[in-house]
Amino acid sequence: MTSDSFPGWHGTTIIGVKKNGRVVIAGDGQVSLGDTVIKGTARKVRRLSPGGSDVIAGFAGSTADAFALLERLEAKLEATPGQLARASVELAKDWRTDKYLQKLEAMLIVSDGKDLLVITGAGDVLEPEHDVAAIGSGGNYALAAARALIDSDMDGEAIARRAISIAADICVYTNGNVLVESLDA
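Be aware that the sequence shown starts at 0, since it is given in numbering that gives the first Met the number 0, and climbs by one per residue.
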């Protein structure tokens, strides 16, 4: 099988919701290879504790690439304790300029309970509008659902779970097996 005919890995919906002094990051568990589900219980949302401060992160894209980025983010956070935005910008600068890192194919949503940020390989560190961010193959579906629910009486976790459920009904690369991590501001 040549690399051109290799179907590639697909899947993931990660969403971050900031509401009422709490940030929730949730992700589904599906990993697909072409049109086959390889795993339905992957853990794509993690809690990091660099230098004793809590940060939660969700990733979409290549798992190995995402872990390489998470390790670098932890190092940046240890160098700049309590400054998630600064550490994220430093990671994005490295990711954009380092020839090795440029080849990494992943995106991250991160939060320290105060800030909710999306970090991309294009050098972007984005603070989302409307306190909702989503990435991955079902990200746009989850984003639309969460934005429709953000002004409801639902809390952030309920919104994130419902948004992934809606994305799973639409995106074949997303399932309803949801893992949630949260932090208070």
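C-beta: ideal position from N, C-alpha, C; glycine also.
Would you mind sorting N174 into buried or exposed? The rule is 16 or more other CB atoms within 10 Å of its CB. Translated into positions along the sequence shown, residue 174 becomes position 175. That one is buried.
With a threshold of 16 other CB atoms inside 10 Å of the CB of T12, please say whether the residue is buried or exposed. Residue 12 sits at position 13 when you count from the first residue of the sequence shown. Buried, since its Cβ has 16 or more Cβ neighbours within 10 Å.
To the nearest angstrom, how far is the alpha carbon of D3 from that of G33? By one-based count along the sequence shown, residue 3 stands at place 4. By one-based count along the sequence shown, residue 33 stands at place 34. Low local confidence applies: a pLDDT of 47 at D3 is under 50, so the model's placement there is unreliable, and no value is given.
Verify whether the separation of the beta carbon atoms of G28 and L178 is less than 8 Å. On the sequence shown, position 29 is the one that residue 28 refers to. On the sequence shown, position 179 is the one that residue 178 refers to. It is a contact, given that the beta carbons lie within the stated cut-off.
In angstroms, rounded to a whole number, what distance separates the CA positions of A145 and V131? Reading the sequence shown from its first residue, position 146 is the one you call residue 145. Reading the sequence shown from its first residue, position 132 is the one you call residue 131. Rounded to the nearest angstrom, the two C-alpha atoms are 7 Å apart.
If you draw a straight line from the C-alpha of V88 to the C-alpha of D111, how long is it? By one-based count along the sequence shown, residue 88 stands at place 89. By one-based count along the sequence shown, residue 111 stands at place 112. In a straight line, the C-alpha of V88 is about 15 Å away from that of D111.
Give me, in chain order, the residues of the same chain whose beta-carbon lies closer than 7 Å to that of D154; leave out the 5 immediate sequence neighbours on both sides. Here residue 154 corresponds to residue number 155 of the sequence shown, with the count starting at 1. Counting only Cβ-Cβ distances below 7 Å, and skipping sequence neighbours, we find K18, N19.
Is A121 a contact residue of the ligand NAD, with contact defined as CB to any heavy atom under 7 Å? The model on display carries no ligand, and the ligand NAD is accordingly not part of it.
Can you tell me the Cβ-Cβ gap for D53 and L103, rounded? I've got them flagged as a contact below 8 Å. For the purposes of this step, residue 53 is taken as the residue at position 54 of the sequence shown. For the purposes of this step, residue 103 is taken as the residue at position 104 of the sequence shown. Incorrect: roughly 24 Å between the Cβ atoms, too far for contact.
So I14 packs on L182, CB below 8 Å; how close in whole Å? Taking the first residue of the sequence shown as position 1, residue 14 is located at position 15. Taking the first residue of the sequence shown as position 1, residue 182 is located at position 183. Not quite, the Cβ-Cβ distance comes to about 15 Å (not below 8 Å), so this is no contact.
State yes or no: is the C-beta of V44 within less than 8 Å of the C-beta of I158? Along the sequence shown, read from residue 1 onward, the residue named residue 44 stands at position 45. Along the sequence shown, read from residue 1 onward, the residue named residue 158 stands at position 159. The answer is no: Cβ separation not under 8 Å.
Between V117 and the rest of its own chain, which residues show a CB-CB distance below 6 Å, the 5 nearest in sequence each way excluded? Position 118 of the sequence shown, counted from the first residue, corresponds to residue 117. The answer, listed in chain order, is I108, L125, A132.
Sort out for me which residues DSSP pairs A133 with in a bridge. For this step, residue 133 is matched to residue 134 along the sequence shown. Looking at the DSSP assignment, A133 forms a beta bridge with I14.
Hey, would you say I134 sits closer than 8 Å to M106, going by beta carbons? Here residue 134 refers to the residue found at position 135 when the sequence shown is read from its first residue. Here residue 106 refers to the residue found at position 107 when the sequence shown is read from its first residue. In contact: I134 and M106 (Cβ atoms closer than 8 Å).
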